[in-house]
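Same order as they appear, the protein sequences are chains A and B. Residue 8 is where the first sequence starts when you use this note's numbering, and the numbers rise one by one after that. Residue 13 is where the second sequence starts when you use this note's numbering, and the numbers rise one by one after that. Where is the CB? At the ideal position from N, CA and C, for every residue including glycine.
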Amino acid sequence: MLLISCPHCGERAQVEFTYERTLDSVVTLAMPPEDAMRALYERANPRGLDDELWRHSYGCRQWLLIRRNRTTHAIESVKAR
Amino acid sequence: MAADPPEPDDARHREREGAVSLNFTFDGVAMRARPGDTLAAALLRNGVRVVGRSFKYHRPRGVMSAGVEEPNALVTVGTGGRTEPNTRATDVFVYEGLVARSQNRWPSLAFDAGAVLGLAAPVFAAGFYYKTFFGPPKRWMFYERFIRRAAGMGNAPVEADPDPSEHRAAFCEMLVVGSGPAGLKAAEAAARAGHRVLLVEQDSELGGSLLFDGGDRGCIASARDAVLAAGGRVLTRTTASGLWDHGFVTLAEHIVEPGQAGPLSQRLWHVRARRIVLATGAMERPLTFADNDRPGIMLSRSVRTYVGRFGVVPGKRAVIATSNDDAYATATALADAGCEVVAILDSRTRAVIAETAHCPVFFDAVPTGTTGRNSLASVTATVAGKPHRFDADLLAMSGGFTPVVHLHSQGSGKLDWSAAIQAFVPGATDQALVAVGGAAGEIDAVAPATPILGTPKTSFIDFQNDVTAADIDLAYAEGYRSVEHLKRYTTLGMGTDQGKTSNMAALARLAGAAGVDIPTAGLTRFRPPYTPLSLGALAGPDGGGHAAPSRRLALHDRHMALAPLWQPLGLWHRPRAYPRAGETLHDAAMREARAVRTTAGIVDVSTLAKFAVSGPDAAALLEIVCATGVAKLAVGRGRYTFMLREDGMVMDDGTVWRTGETTYLLTSSTGGAERMEAHLSYAHRVLAPDLRVSVVMQQEQFAGIALAGPLARDVLEGLTGSPPPAHMGLANAAIAGVPVVVLAASYSGERAFEVYAAGDVAGPVWDALHDAVTARGGCAYGLEALEFLRIEKGHIVVGGEADGRMTAHDLRLEKMLRKAGGYIGASALERPALASPDRLQLVGLASRGDGIPEGAMLVASVGAKVEGHVTSAGPRVLEDGGIALALLRGGRARLGETLVASSPTRGKYVTVTVVEPVFHDPKGARYRD
Ligand SMILES: [Zn+2]
Chain A
8 MLLISCPHCG
18 ERAQVEFTYE
28 RTLDSVVTLA
38 MPPEDAMRAL
48 YERANPRGLD
58 DELWRHSYGC
68 RQWLLIRRNR
78 TTHAIESVKA
88 R
Chain B
13 MAADPPEPDD
23 ARHREREGAV
33 SLNFTFDGVA
43 MRARPGDTLA
53 AALLRNGVRV
63 VGRSFKYHRP
73 RGVMSAGVEE
83 PNALVTVGTG
93 GRTEPNTRAT
103 DVFVYEGLVA
113 RSQNRWPSLA
123 FDAGAVLGLA
133 APVFAAGFYY
143 KTFFGPPKRW
153 MFYERFIRRA
163 AGMGNAPVEA
173 DPDPSEHRAA
183 FCEMLVVGSG
193 PAGLKAAEAA
203 ARAGHRVLLV
213 EQDSELGGSL
223 LFDGGDRGCI
233 ASARDAVLAA
243 GGRVLTRTTA
253 SGLWDHGFVT
263 LAEHIVEPGQ
273 AGPLSQRLWH
283 VRARRIVLAT
293 GAMERPLTFA
303 DNDRPGIMLS
313 RSVRTYVGRF
323 GVVPGKRAVI
333 ATSNDDAYAT
343 ATALADAGCE
353 VVAILDSRTR
363 AVIAETAHCP
373 VFFDAVPTGT
383 TGRNSLASVT
393 ATVAGKPHRF
403 DADLLAMSGG
413 FTPVVHLHSQ
423 GSGKLDWSAA
433 IQAFVPGATD
443 QALVAVGGAA
453 GEIDAVAPAT
463 PILGTPKTSF
473 IDFQNDVTAA
483 DIDLAYAEGY
493 RSVEHLKRYT
503 TLGMGTDQGK
513 TSNMAALARL
523 AGAAGVDIPT
533 AGLTRFRPPY
543 TPLSLGALAG
553 PDGGGHAAPS
563 RRLALHDRHM
573 ALAPLWQPLG
583 LWHRPRAYPR
593 AGETLHDAAM
603 REARAVRTTA
613 GIVDVSTLAK
623 FAVSGPDAAA
633 LLEIVCATGV
643 AKLAVGRGRY
653 TFMLREDGMV
663 MDDGTVWRTG
673 ETTYLLTSST
683 GGAERMEAHL
693 SYAHRVLAPD
703 LRVSVVMQQE
713 QFAGIALAGP
723 LARDVLEGLT
733 GSPPPAHMGL
743 ANAAIAGVPV
753 VVLAASYSGE
763 RAFEVYAAGD
773 VAGPVWDALH
783 DAVTARGGCA
793 YGLEALEFLR
803 IEKGHIVVGG
813 EADGRMTAHD
823 LRLEKMLRKA
833 GGYIGASALE
843 RPALASPDRL
853 QLVGLASRGD
863 GIPEGAMLVA
873 SVGAKVEGHV
883 TSAGPRVLED
893 GGIALALLRG
903 GRARLGETLV
913 ASSPTRGKYV
923 TVTVVEPVFH
933 DPKGARYRD
């Protein structure tokens, strides 16, 4: 279970957080349909570092941008969004 | 039979020997143990040699080890709900009244009918299950009865566990796993440096090898005191069971022994450690030779443990077989305890340590076989190529030591091969973790395993799962070259011991067959738990009524007064119907639904998700989330709305109300409440962070009561004293002195109003509505009637018709889609596949007589291709016949077709006609103004 350092609340266990999605899967409102479908269905799924959207659902409920290594689970940074 | 009670001359033994004062039973026979005995020690003390029968061949097996790696001596301890099967006799400490039973034997341990399987051994060779399951079904049918009887690893109790377990969290700067010399040293050093240390030991005492091998035991108290003085904690009978990410470790603590009564049976610790020290030591490996599984054949260091720690000498005449120096200490310990050591068989050409004076030592010597009925009688060996035979009742074997790297490996640590000790040692890791002592590979050098002489078919490698050297050879010959495939084919390492004593020998055999070195043959990753963990410990306090929280309605007590049938809905409990004397659920629901169609009824709708959306940009946020128009809504008005996922599918539906110039109320489905909260937050905080808007979820703040029926308007006017709002209008009012918000919306198809009041004061509102409704011949109604009414009206429900694969067009909602777009999911609707005429589309179904089975397949005739399915079904409320909502391929163009709703599992086949999915008042004349 990951230990995530919420910029608002401090170090908390992963159970308090919800992984929402990898950042490159965000479909912005202005995105043309082709790009939207690419974001949803043709993601890179990289091995290693990834930028991810998380939410501190059972804490401050804020959205966080977490840079995390998907192989080692090492967290490089946690930023408030 | 063996082992008379020993008479050790060592002063330390005498000091440790209490009286033989504890009573326990094994297979009903009364026995006595010394305080501090493991069950295995106590059984050996009482001369018990055969402790169980092997899994597949039912061969007699005895105690092999003195630790958690024990593959053979599995017993069931405890009675009733405290029954704990597959308990390692080496890992349970005797308490007064302990009841232990042997397993996997029938009719008795001494005479086992299943042992004839030993004669039929070739039948059960490697891949037996695999070949049987993948072979013709007849094969399995033939073997099944036979296997069910013979197989099994103890039986789980059916009674509830009377003693609870608990979960607890802890934090520390350093977690030290294992309290042998290396662990004690690490713990003491960290504590003296001021760190908060958590020192855990799976044994009942600290000390590890100090408990049997002598050495300065003063360091035990010194380390314990240092840890406690620095604010740390010391836990015994506590196993570090799983190592996860970022220093998270789960510990299983035995508060009482397995099967023992106690206020608390186990405690599962969730520990977050800044640093972790693995001082988990090393496990001894058995040697592989013919008939190496007889009772009386034990691991060398385990023998030393029984002698040195428990004062039990498990034999009178011993042979030592070894490939390393450590076993020489066993010879010395045995000789000191009065056991005759007839030979040391050393597979090496010479020993590194000084020759032991007590007994003859043979080099280039390996055991090749054993004799004996239920226990060891003699050992045969080759010494420098020549056969030898030794009469002995104890064989202490040592194939070297394997560092206990399980936790390191669980934490994604790499493993490096050490040729010197012929084992894997901890390598690189991303965790803040270090291994010390035996766990780090600080172990005497060992000779590589010698090829097996004699009979591979009885040369056991995995004792618990009865996997022999021949099985591994066969698997290899049949093409199972990868260690992962080997595991699955032979079931090697799949017992409750997870191959603790067998992995390395199996790898060596596989590597030998393949002609490669052991690291090339590969190793499977270790997974938690390190030792078996009971489900009770995992559940902790979250069992029975605490398995899930129960969410009660604000009006729960009001409903209780009407004695409803309750229906769980997610975590909520809602009234399903309010049956009167003699009524079935269906009778009650029909009466309630008819009341709504003819007079008036009230239903609790409190669980609907409710969101207060406010701020200058409230409408803008709602137009991102809702696929329908919102911005043009006038103050005091509301409308139906639905939301799409990004892929264009309908996600949820509800209503949106403009309660003020810049304030809105959004409702959506009960089950989707949390998802909708996250969705709204995502839309705001991620997609449109500049919007000036606030969203507050108010699901639980307000109780909601829907009042529906031809008399609803009269009822409401009578209670509020003012004319109710027009359809889809909103008004503030008071009922029984309580402020309420009235939303004129209909779900039932009748004139209806949703009345909302703050949850804590809603009781009088319910009472007033209930009194007024019953005075007019109406009643309260539950979810069952609500379902009948909404099906008849053709309203879709999220999770039913809107099953996550349906577009607005499929559900006939496309006319409501906002033309300008800009909402979540809009761009996905342009995908060509969504315009296919072949999609499942919402239709109604009508049958003349029979009820339509919910969930049934829609087919042209029984057995034909499936063209859709029934999503919701119910009766007509005031007329005869069954109706349903269904999803049908190209359904919108198929009105008038006759199909069969086919439900083979219920034996129901009902002829249905495809119709428009609105059966009641299609124009909405009954609720419009
Ligand atoms: Zn937070």
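- Not a single C-beta of chain B is nearer than 7 angstroms to the C-beta of H63/A.
- These are the residues, in chain order, with a beta carbon less than 5 angstroms from any non-hydrogen atom of ligand 1: C13/A, H15/A, C16/A, H63/A, G66/A and C67/A.
- Closer than 8 angstroms at the C-beta level to chain B, one finds these residues of the region 40-57 of chain A: P40, A43, M44 and L47.
- The three-state reading of DSSP puts A198/B in helix, counting H, G and I together.
- Apart from the 5 residues on each side of it in sequence, G466/B sits with its Cβ closer than 7 angstroms to the Cβ of F301, A302, T380 and G381 in its chain, given in chain order.
- The alpha helix (DSSP H) runs of length 4 or more contained entirely in the region 292-347 of chain B are, from start to end of the chain, 312-320.
- A Cβ-Cβ distance of about 6 angstroms is found for the pair M8/A and D257/B, placing them in contact under the 8 angstroms criterion.
- Distance check between A601/B and each of Q272/B, G863/B and L801/B places L801/B closest, using alpha-carbon atoms only.
- By the beta-carbon neighbour count (other beta carbons within 10 angstroms, threshold 16), M295/B is buried.
- Per DSSP, the continuous alpha helix (DSSP H) segment holding V239/B begins and ends at G230 to A241.
- Contiguous beta strand (DSSP E) elements confined to the region 715-796 of chain B occur at 742-747, 750-755 and 764-770, taking only those with 3 or more residues.
- Nearest in C-alpha terms to G613/B, of all of V727/B, R651/B and R71/B, is V727/B.
- Taking one beta carbon from each stretch, the region 318-331 of chain B and the region 211-231 of chain B have 3 or more pairs nearer than 8 angstroms; the two touch.
- For the pair M818/B and V662/B, the CB atoms are nearer than the 7 angstroms cut-off.
- Within 10 angstroms of the beta-carbon of S562/B lie fewer than 16 other beta-carbons, which makes it exposed.
- Sequence-distant partners of A905/B (beyond 5 residues in either direction) whose C-beta falls short of 8 angstroms from its own C-beta, in its chain, are P849.
- With distances taken between CA atoms, R57/B lies nearest to L34/B out of L34/B, A273/B and G64/B.
- For K469/B, there is no enclosing beta strand (DSSP E), as DSSP marks it with neither H nor E.
- At the C-beta level, D173/B and G425/B stay beyond 7 angstroms of one another.
- The region 645-659 of chain B and the region 790-806 of chain B do not touch, with fewer than 3 CB-CB distances between them shorter than 8 angstroms.
- F538/B does not reach chain A, its nearest Cβ partner there being about 17 angstroms away, counting only Cβ pairs nearer than 7 angstroms.
- Excluding the 5 residues flanking it on each side, K499/B has same chain C-beta neighbours closer than 7 angstroms at G505, M506 and T536, in chain order.
- In the three-state reduction of the DSSP assignment, F538/B falls in the coil class, being assigned neither a helical nor a strand state.
- In the DSSP annotation of this structure, T502/B is not part of any beta strand (DSSP E); the continuous alpha helix (DSSP H) holding it starts and ends at V495 to T502.
- Residues of chain B whose Cβ lies closer than 9 angstroms to the Cβ of E27/A are, in chain order, A690, Y694 and V698.
- Judged by DSSP in its simplified three-state form, N167/B adopts coil rather than helix or strand.
- For a cut-off of 8 angstroms, the C-beta gap from A814/B to I864/B is around 20 angstroms, too long to register as a contact.
- Taking each of F472/B, P929/B and T667/B in turn and checking the Cα distance to K68/B, the smallest one comes out for F472/B.
- Per the coordinates, the alpha-carbon of A872/B lies some 7 angstroms from the alpha-carbon of T910/B.
- For a Cβ distance threshold of 7 angstroms, nothing in chain A lies close to S216/B: the least Cβ distance comes to about 29 angstroms.
- Boundaries of the alpha helix (DSSP H) around Q422/B: H418 to Q422.
- Buried is the label assigned to R588/B, since at least 16 other Cβ atoms lie within 10 Å of its Cβ.
- Chain-ordered, the chain A residues with CB closer than 7 angstroms to the CB of W256/B read M8.
- Around the beta carbon of S120/B, a 10 Å sphere encloses fewer than 16 other beta carbons of the protein chains shown; the residue is thus reported as exposed.
- In the assembly as shown, L110/B is a buried residue. Its beta-carbon has 16 or more other beta-carbons within 10 Å.
- With a contact defined as Cβ atoms closer than 8 angstroms, G308/B and G293/B miss out at about 25 angstroms.
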